[in-house]
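Under our numbering, the residue at position 311 of the sequence shown is numbered 322, and the numbers go up by one with no gaps.
What follows is a single structure, written as structure tokens, with notes after it.
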Amino acid sequence: MDDAAALAHAPTDLFIGGEWRPAGSGRRFGVEDPSTEERLVEVADATPDDGAAALAAAARAQAEWAATAPQARSDLLRRAYEVVTDRIDALALLMTLEMGKPLADSKAEITYAAGFLRWFAEEAVRLDGRYTTAPDGKSRLLVLQRPVGPCVLVTPWNFPLAMATRKIAPALAAGCTAVVKPAQQTPLSMLAFAKILEEVGLPAGVVNVVPTTDAGGVVEPLLGDRRARKLSFTGSTSVGRRLQELAAKQLLRTSMELGGNAPFLVFDDADLDLAVDAAVLAKMRNMGEACTAANRFLVHGAVAAEFTDRLAARLGAMKVGRGTDDGVEVGPLIDEKAVAKVEELVADAVDRGAGVVLEGGRVDGPGHFCRPTVLADVPRDARILHEEVFGPAAPIVPFADEDEAVALANDTEFGLVAYACTRDLDRGVRLSEALEVGMIGLNRGIVSTPSAPFGGVKQSGFGREGGAEGIREYLSPRFVNLQA
Ligand code: NAP
Numbered sequence: 012m013d014d015a016a017a018l019a020h021a022p023t024d025l026f027i028g029g030e031w032r033p034a035g036s037g038r039r040f041g042v043e044d045p046s047t048e049e050r051l052v053e054v055a056d057a058t059p060d061d062g063a064a065a066l067a068a069a070a071r072a073q074a075e076w077a078a079t080a081p082q083a084r085s086d087l088l089r090r091a092y093e094v095v096t097d098r099i100d101a102l103a104l105l106m107t108l109e110m111g112k113p114l115a116d117s118k119a120e121i122t123y124a125a126g127f128l129r130w131f132a133e134e135a136v137r138l139d140g141r142y143t144t145a146p147d148g149k150s151r152l153l154v155l156q157r158p159v160g161p162c163v164l165v166t167p168w169n170f171p172l173a174m175a176t177r178k179i180a181p182a183l184a185a186g187c188t189a190v191v192k193p194a195q196q197t198p199l200s201m202l203a204f205a206k207i208l209e210e211v212g213l214p215a216g217v218v219n220v221v222p223t224t225d226a227g228g229v230v231e232p233l234l235g236d237r238r239a240r241k242l243s244f245t246g247s248t249s250v251g252r253r254l255q256e257l258a259a260k261q262l263l264r265t266s267m268e269l270g271g272n273a274p275f276l277v278f279d280d281a282d283l284d285l286a287v288d289a290a291v292l293a294k295m296r297n298m299g300e301a302c303t304a305a306n307r308f309l310v311h312g313a314v315a316a317e318f319t320d321r322l323a324a325r326l327g328a329m330k331v332g333r334g335t336d337d338g339v340e341v342g343p344l345i346d347e348k349a350v351a352k353v354e355e356l357v358a359d360a361v362d363r364g365a366g367v368v369l370e371g372g373r374v375d376g377p378g379h380f381c382r383p384t385v386l387a388d389v390p391r392d393a394r395i396l397h398e399e400v401f402g403p404a405a406p407i408v409p410f411a412d413e414d415e416a417v418a419l420a421n422d423t424e425f426g427l428v429a430y431a432c433t434r435d436l437d438r439g440v441r442l443s444e445a446l447e448v449g450m451i452g453l454n455r456g457i458v459s460t461p462s463a464p465f466g467g468v469k470q471s472g473f474g475r476e477g478g479a480e481g482i483r484e485y486l487s488p489r490f491v492n493l494q495a
């Protein structure tokens, strides 16, 4: 399939109450290819009234969906998994066009995204409860799990499908309906997925999708609407904090998957071949535009020079280009602002005395391309060590011993993920307990899997997606005290 064919088949209207419809205002907005800066298609631009109609549809569908047999919900998710998997090539092309990542990365994301559909298809029929005798022996206590109700799901542009299925699959498995607000820069993958849900028989109103250029105008009123029962948000800490404040007004259940500042620790006993492979993956997956991206490399002084040279050689050899072209490993960043942010943080570190080992940076347009940079001996007050770089720049900081490494790793307001390379199992256990994060990659550059709880602590948020924990975010325990 070529680009034109992929776009010709892409749905571009709102999906509300089982119908594809234009925005109430009739307005549409352009979706751009970040590698050409050309407009790909125009998508319906939801208004606050469209958002309200979507929530009304979700609320109408809620009782019937909650009463659907778990096996039927499971079968539907399983069918969706199969269709997404069958159509991986077409979905990957659409994702690469709207987001820029290389086709191989899009396929990896779609496999990961589909994994949530399969995992929660399996979880839908495993919801448990409890039956106990009250301690005084006078009654019986039953505990059952009920769906929380209609959910508002807000997703970012960096993983346009996986961030959606990570929320939609457990919501549907639990018996919840949803309004989904995808990122305005990448609505096409989510709309294509909504079409697949329709094809596999999702009842009208169970999932509604409202792309918009007015995120606050559409989403914020929903958080004050008593029919909404849950907000799950993935995005920046600043927007998450604002939505959390608004959600507090009616004490909405919330899950917050927010920003990161992952440390990547390399100890002097590490297998350096493995450490460099893991570092390339942790830094460069998604061009560094991942909440889990290694943001700071903390390396023992004894191996810092060798690790730095080897990492620079690997990143310098990566092919930068359009994600649809053969052999490309680094696609464009999402927009001009993203390139400028990388430039700004690199310039700040160099001004403060960091050494440039691999000089990367902006590539002339069109397209928002940025070559990888590696910086050595980065001073500890450099902004790049404290802010999310969200791009292909790797700052390296040497450390002297484990205590210093842990202190540096924890010296951040964020706490999503940390990576550590060491051959010492005792040290691995100590680090697993000492690092203030929700997830740890030990001798690995990637941690995410549908079968384990993804999420953070501190300013990286709370709540977990995936694993046995993922479905609990969409359930409320109810207990019945039975006289017997
Ligand atoms: P963002 O600016 O916070 O946007 C995320 C989503 O929120 C988008 O759909 C956005 O819509 C929407 N939004 C913005 N303002 C809103 C408002 N006032 N009310 C309701 N919705 C609003 O974040 P981003 O730049 O797209 O994504 C990058 C961030 O996401 C990074 O910080 C990254 O670490 C984080 N992230 C975290 C995880 C995780 O699991 N912890 C995973 C992936 C990404 P628009 O598209 O219209 O702006």
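The beta-carbon is built from N, C-alpha and C at its ideal position, and this holds for glycine as well.
In three-state DSSP terms, what is residue i?
i	result
glycine 251	helix
glutamine 494	strand
alanine 82	The sequence as given places glutamine at residue 82; alanine does not occur at that position. Of the three classes helix, strand and coil, the one that applies to glutamine 82 here is helix, per DSSP.
valine 42	strand
alanine 405	strand
methionine 450	strand
valine 400	coil
serine 266	strand
glutamine 73	helix
arginine 90	helix
asparagine 306	strand
lysine 330	coil
serine 443	helix
alanine 55	strand
asparagine 272	coil
phenylalanine 127	helix
leucine 436	helix
phenylalanine 380	coil
proline 181	helix
Could you tell me which of the options sits nearest to residue i, measuring between CA atoms?
i	options	result
phenylalanine 490	Arg157, Gly111 and Glu133	Arg157
valine 159	Leu322, Leu213, Ala103 and Leu242	Leu242
valine 191	Ala132, Leu234, Leu152 and Ser150	Leu234
leucine 51	Thr58, Val42 and Ala57	Val42
glutamine 82	Ala21, Val136 and Gly246	Val136
alanine 203	Leu102, Ala55 and Ser266	Leu102
threonine 423	Arg333, Arg394 and Ala67	Arg394
valine 218	Ala19, Ala68 and Asn454	Ala68
alanine 479	Leu155, Ala463, Lys178 and Arg141	Ala463
arginine 240	Gln261, Ala226, Ser249 and Gln255	Gln261
glutamate 340	Pro409, Ala328 and Tyr123	Ala328
valine 385	Arg391, Ala360 and Val368	Val368
valine 357	Ala405, Gly246, Ile345 and Glu444	Ala405
proline 193	Leu128, Gly35, Val163 and Ala273	Val163
leucine 292	Pro274, Gly456, Tyr430 and Asp24	Gly456
leucine 87	Leu155, Met110 and Leu213	Leu213
proline 488	Ala185, Glu48 and Gly35	Ala185
arginine 325	Arg391, Pro274, Ala286 and Thr96	Ala286
serine 6	Pro59, Gly29 and Ala21	Not covered by the structure: residue 6. The range shown for the chain is 12 to 495.
serine 247	Ala17, Ser471, Val230 and Pro22	Ser471
serine 459	Glu93, Leu114, Gly227 and Ala304	Ala304
threonine 265	Trp31, Val440 and Phe244	Phe244
alanine 289	His20, Ser117, Cys432 and Arg151	Cys432
How many whole angstroms separate the CB atoms of residue i and residue j, which I take to be in contact at a CB cut-off of 8 angstroms?
i	j	result
valine 374	phenylalanine 380	4 angstroms
asparagine 297	glycine 271	Not a contact, Cβ separation roughly 13 angstroms.
aspartate 61	valine 221	6 angstroms
tyrosine 485	cysteine 187	5 angstroms
leucine 427	valine 448	6 angstroms
glutamine 195	threonine 224	5 angstroms
proline 161	glutamine 73	5 angstroms
leucine 446	valine 408	Not really, about 16 angstroms apart at Cβ, beyond 8 angstroms.
glutamate 256	leucine 283	So it is not a contact: roughly 46 angstroms between Cβ atoms.
phenylalanine 278	arginine 391	Not really, about 19 angstroms apart at Cβ, beyond 8 angstroms.
Should residue i and residue j be called a contact, given that it needs their Cβ atoms to be closer than 8 angstroms?
i	j	result
leucine 263	leucine 309	no
glycine 378	proline 45	yes
aspartate 435	aspartate 280	yes
glycine 334	threonine 107	yes
glycine 466	phenylalanine 473	yes
leucine 25	alanine 57	yes
arginine 71	alanine 55	no
valine 95	isoleucine 179	no
leucine 138	alanine 91	no
arginine 177	glycine 452	no
proline 383	methionine 295	yes
leucine 419	phenylalanine 410	yes
threonine 79	glutamate 53	no
Does the beta carbon of residue i fall short of 7 angstroms from some heavy atom of the ligand ATP?
i	result
glycine 481	Absence of the ligand ATP is noted for the structure shown, with the ligand NAP being the only ligands found.
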